[in-house]
Amino acid sequence: IAVVRGKSAVPCVLPASVKIETDFLTFQSRFVRSPGAKMSTVSSQDDEDTFKILIATDIHLGYLEKDPVRGNDTFVTLNEILDHAQKKEVDFVLLGGDLFHENKPSRKTIHSCLESLRKYCMGDRPIQFEILSDQAVNFQYSKFPWVNYQDRNLNISIPVFSIHGNHDDPTGADALCALDILSCAGLLNHFGRSTSVEKIDISPILLRKGRTKIALYGLGAIPDERLYRMFVNKQVTMLRPREDEDSWFNLFVIHQNRSKHGATNYIPEQFLDDFINLVVWGHEHECKIAPCQNEQQGFYVSQPGSSVVTSLSPGEAVKKHIGLLHVKGKKMKMEKIMLETVRTFYMEDIVLADHPDLFNPDNPKVTQSIQAFCMEKVEFMLDNAERERVGNPRRPEKPLIRLRVDYTGGFEPFSVHRFSQKYMDRVANPKDIIHFFRHREQKEKNDSDLNFGKLVSRPVSEGMTLRVEDLVKQYFQTAEKKVQLSLLTERGMGQAVQEFVDKEEKDAIEELVKFQLEKTQRFLKERRTDAEEEKIDEEVRKFRESRKKNTDEEDEEVLQAMTRARAHRSEDAVLVTASSDEELMDTGMKSTGDSDDGFPATLRRGRGRARGRARGARGQNSTVRGSSQRGRGSTTQESATRSRTYKPVSVPAKNMSIMDAFASLKPEASLNSSRLSEDIIDDDSDLEDISIVPSSKVNQRLSTPSSLSKRGSQSQTSRGVDFESDEAEFDPFKSTATSRRYK
Numbered sequence: 008i009a010v011v012r013g014k015s016a017v018p019c020v021l022p023a024s025v026k027i028e029t030d031f032l033t034f035q036s037r038f039v040r041s042p043g044a045k046m047s048t049v050s051s052q053d054d055e056d057t058f059k060i061l062i063a064t065d066i067h068l069g070y071l072e073k074d075p076v077r078g079n080d081t082f083v084t085l086n087e088i089l090d091h092a093q094k095k096e097v098d099f100v101l102l103g104g105d106l107f108h109e110n111k112p113s114r115k116t117i118h119s120c121l122e123s124l125r126k127y128c129m130g131d132r133p134i135q136f137e138i139l140s141d142q143a144v145n146f147q148y149s150k151f152p153w154v155n156y157q158d159r160n161l162n163i164s165i166p167v168f169s170i171h172g173n174h175d176d177p178t179g180a181d182a183l184c185a186l187d188i189l190s191c192a193g194l195l196n197h198f199g200r201s202t203s204v205e206k207i208d209i210s211p212i213l214l215r216k217g218r219t220k221i222a223l224y225g226l227g228a229i230p231d232e233r234l235y236r237m238f239v240n241k242q243v244t245m246l247r248p249r250e251d252e253d254s255w256f257n258l259f260v261i262h263q264n265r266s267k268h269g270a271t272n273y274i275p276e277q278f279l280d281d282f283i284n285l286v287v288w289g290h291e292h293e294c295k296i297a298p299c300q301n302e303q304q305g306f307y308v309s310q311p312g313s314s315v316v317t318s319l320s321p322g323e324a325v326k327k328h329i330g331l332l333h334v335k336g337k338k339m340k341m342e343k344i345m346l347e348t349v350r351t352f353y354m355e356d357i358v359l360a361d362h363p364d365l366f367n368p369d370n371p372k373v374t375q376s377i378q379a380f381c382m383e384k385v386e387f388m389l390d391n392a393e394r395e396r397v398g399n400p401r402r403p404e405k406p407l408i409r410l411r412v413d414y415t416g417g418f419e420p421f422s423v424h425r426f427s428q429k430y431m432d433r434v435a436n437p438k439d440i441i442h443f444f445r446h447r448e449q450k451e452k453n454d455s456d457l458n459f460g461k462l463v464s465r466p467v468s469e470g471m472t473l474r475v476e477d478l479v480k481q482y483f484q485t486a487e488k489k490v491q492l493s494l495l496t497e498r499g500m501g502q503a504v505q506e507f508v509d510k511e512e513k514d515a516i517e518e519l520v521k522f523q524l525e526k527t528q529r530f531l532k533e534r535r536t537d538a539e540e541e542k543i544d545e546e547v548r549k550f551r552e553s554r555k556k557n558t559d560e561e562d563e564e565v566l567q568a569m570t571r572a573r574a575h576r577s578e579d580a581v582l583v584t585a586s587s588d589e590e591l592m593d594t595g596m597k598s599t600g601d602s603d604d605g606f607p608a609t610l611r612r613g614r615g616r617a618r619g620r621a622r623g624a625r626g627q628n629s630t631v632r633g634s635s636q637r638g639r640g641s642t643t644q645e646s647a648t649r650s651r652t653y654k655p656v657s658v659p660a661k662n663m664s665i666m667d668a669f670a671s672l673k674p675e676a677s678l679n680s681s682r683l684s685e686d687i688i689d690d691d692s693d694l695e696d697i698s699i700v701p702s703s704k705v706n707q708r709l710s711t712p713s714s715l716s717k718r719g720s721q722s723q724t725s726r727g728v729d730f731e732s733d734e735a736e737f738d739p740f741k742s743t744a745t746s747r748r749y750k
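Take a look at the structure:
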């Protein structure tokens, strides 16, 4: 008898005593589906409407995978989590980010993860819920934009939905992460991804099982400062179903800082919408899985914590749990499941100053006494770990022990390495057992020194709108006088830094400096200020103050500078492409026309190009020599006449200072009177370039993007001639004597 279950047919052999009945429901409760597993009877009405969701976060696969003792901890715990999901017959598994510990996990880590997902999540058990939302929107960044259990080529029994965390976030040119590999393989559904830095629209995955409907929202890890600012600016929107908004159970998964690490380096719970029923908060490793209600917004927050100890901190010492969430209608119930394969972690703090009867800093043997006291504490924790392991044989043998010793008060620490040698075979972290630290002594402040004017309470919104430009402004307002801005304004600089941080505009600050510098130079030229430093500084200060008052004009300046930065970047890309093509054509032409006329190639060009020409000209010796002889017929007078047909090329200053701008206003007659010759600049595109420089002063003034190397330019300048000829008919400076000398 072949019984169809889901998409596959399961062969079943019935005992002779079993009577085949026509009623499928009666028959369904009597046959064996697979060896060792009995088919349960038809679910009751309560189970048909109840979602069972296994919740876990921060598994950190691959953490310390090269450690001989702790290398397999994360893989063993993942198998335990998925085993619970299989035994509990959950509808799906929900992960809150940081499935992998590294952004580029090793082959061993990826292989172990694929092995576990295939072992526990693939099978013929039917899926009891359906998806109502547009999957092309929910999984728009996937090459296969649909849930994996609806794929005709796969047989999924437990779907896994996951957002990415800060450890396994998308990076690179294609913005891929390790979760995308699992998603492409059909073993995981990656959702909650957002690439925009200007606006985030969170579209839910709409699930329905019987009469229970869940709207599953997800938001992968985003830098906390950026997301904080986007929440403040109302740039984060959570979309809701149009029909029956109040009939949906709204579940939100997020991976951000929950505890406050700075002014904007966290996400306050009041930023989230109040229509949410439950928030599953990832990234925080301390286990607080029991839902806690936010009194202001009304929703509940569950913090499952990590499933592996990644830091020897007090938060990690809390027992690790995962959650089994039951949702029926708008009601929920969270069932805690303690993980049995997590390595035991005990931690204790000691303050030596609190034991004056045991430790006296003046005692010469106080260090030995402290060491003996620490050994007693470690032995006590080891005994507790051993007793806990007796009741649970699945727990790893060697525990994690951490003893933090505060030696403030004149005490001296003992050798940690020598102490750790005694526990090499009993502890999983022998090198990190003891941690000595000392509190800094704070000076007592008198009440008379307090400025009560600064203690005036500020509104909450003022502290919540702190941005990067505000930090820049505060820095310059409190900085010393020598580092104060004298030309730029704090507002413009802050906006440029904001562009650099938010939009990764790398040229934002540089282009703003150039733009405001050019504008100041034009202002000084129009005012025709005397070229005196004091008067220039005064005019610049007045001009800066006028710009600070006109904020709209300054915002327009920043916008123009950013536009010019993007335009310059595109022009630079075109110029780089064009120049590379021109160099290739120029190299090809000169490789057939250059001569072995007695001048070493390294004197004419840089090393790389000289070698290329020397190799390319080996087969052209006869032609080159003939061309060099024809060139000798030219006279010096003809060369001078030809050289005057070239117009002097002026090099625009890329970053012209204020004093240079005033220097350029002087009459050019004085400059022309001091010049003895014309400066001809090689832009590496002409076929013949002649530069006659009789004075060293002109040589210093000559600065062009030439292709001459330093060694060649120095040797030629010492003779007063900068020579390079690429044309066969024109060789005015070559003579028989010089040719023989160089040969």
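To convert, take the position in the sequence shown, counting from 1, and add 7; that gives the working numbering. Idealized CB from N, CA, C, for every residue including glycine.
Under the three-pair Cβ rule at 8 angstroms, the region 239-252 does not count as touching the region 333-345.
Taking C-beta separations shorter than 8 angstroms and ignoring five residues to either side along the sequence, the partners of Ser-376 in its chain run Leu-365, Phe-366 and Asn-370, following chain order.
Per DSSP, reduced to three states, the secondary structure at Met-341 is strand. At least 9 angstroms separates the beta-carbon of Asn-196 from that of Ile-221. Restricting attention to Glu-232, Asp-105 and Asn-86, the CA atom closest to the CA of Arg-125 is found in Asn-86.
Put simply, the backbone Cα of Thr-527 is about 12 angstroms away from that of Leu-519. Pro-298 counts as buried, since at least 16 other C-beta atoms from the protein chains shown sit within 10 angstroms of its C-beta.
In this structure, the CA atom of Ala-538 is about 18 angstroms from the CA atom of Ser-493. Note that the region 261-268 touches the region 286-293; at least 3 beta-carbon pairs, one per stretch, sit closer than 8 angstroms. Val-316 counts as buried, since at least 16 other C-beta atoms from the protein chains shown sit within 10 angstroms of its C-beta. Counted as a single uninterrupted DSSP element, the beta strand (DSSP E) harbouring Val-260 occupies residues 256-262.
Inclusion of Ser-164 and Gln-93 in the CB contact set at 9 angstroms is warranted, their separation being smaller than that value. With a cutoff of 9 angstroms on beta-carbon distance, Ile-207 and Gly-225 are scored as not near each other. A direct Cα-Cα distance of roughly 14 angstroms separates Lys-429 from Lys-405.
Shown here, Leu-407 sits in a strand according to DSSP, grouped into three states.
DSSP places Thr-317 in the coil class of the three-state scheme, outside both helix and strand. By the CB criterion at 9 angstroms, Glu-564 and Phe-522 fall inside the cutoff. The DSSP-derived three-state label of Cys-294 is coil. It is roughly 28 angstroms from the alpha-carbon of Asp-175 to the alpha-carbon of Lys-438. Excluding sequence positions up to five before and after Ala-192, its CB lies within less than 8 angstroms of the CB of Leu-121, all in the same chain and listed in chain order. For a cut-off of 8 angstroms, the C-beta gap from Gln-135 to Asp-158 is around 18 angstroms, too long to register as a contact. Short of 7 angstroms from the beta carbon of Leu-346, and not among the five residues preceding or following it, lie these beta carbons of its own chain, in chain order: Thr-84, Glu-87, Ser-314, Lys-327, His-328 and Ile-329. According to DSSP, Asn-196 shares a beta bridge with Phe-168.
Distance from the Cα of Arg-402 is smallest, within the candidate group Met-388, Glu-386, Asp-432 and Val-349, for Val-349.
Between the C-alpha atoms of Val-243 and Phe-278 there is a straight-line separation of about 10 angstroms.
In summary, Ala-228 is buried, with 16 or more beta-carbon neighbours lying within 10 Å of its beta-carbon over all protein chains present.
Listed as beta-bridge partners of Lys-216 by DSSP are Thr-219. Within the model, the alpha-carbon separation for His-442 versus Ala-360 is close to 16 angstroms. Cys-184 carries a coil assignment under DSSP once its states are collapsed to helix, strand and coil. Counting other Cβ atoms within 10 Å of its Cβ, His-118 stays below 16 and is therefore classed as exposed.
In terms of CA proximity to Glu-533, Val-547 leads the group Phe-151, Ser-113 and Val-547. In the DSSP assignment, Lys-335 falls within the beta strand (DSSP E) that extends over 328-335. Of Ala-270, Asn-557 and Leu-246, the smallest CA-CA separation from Val-239 is found for Ala-270. When the beta-carbon positions are compared, Ala-435 and Leu-478 stay at least 9 angstroms from each other.
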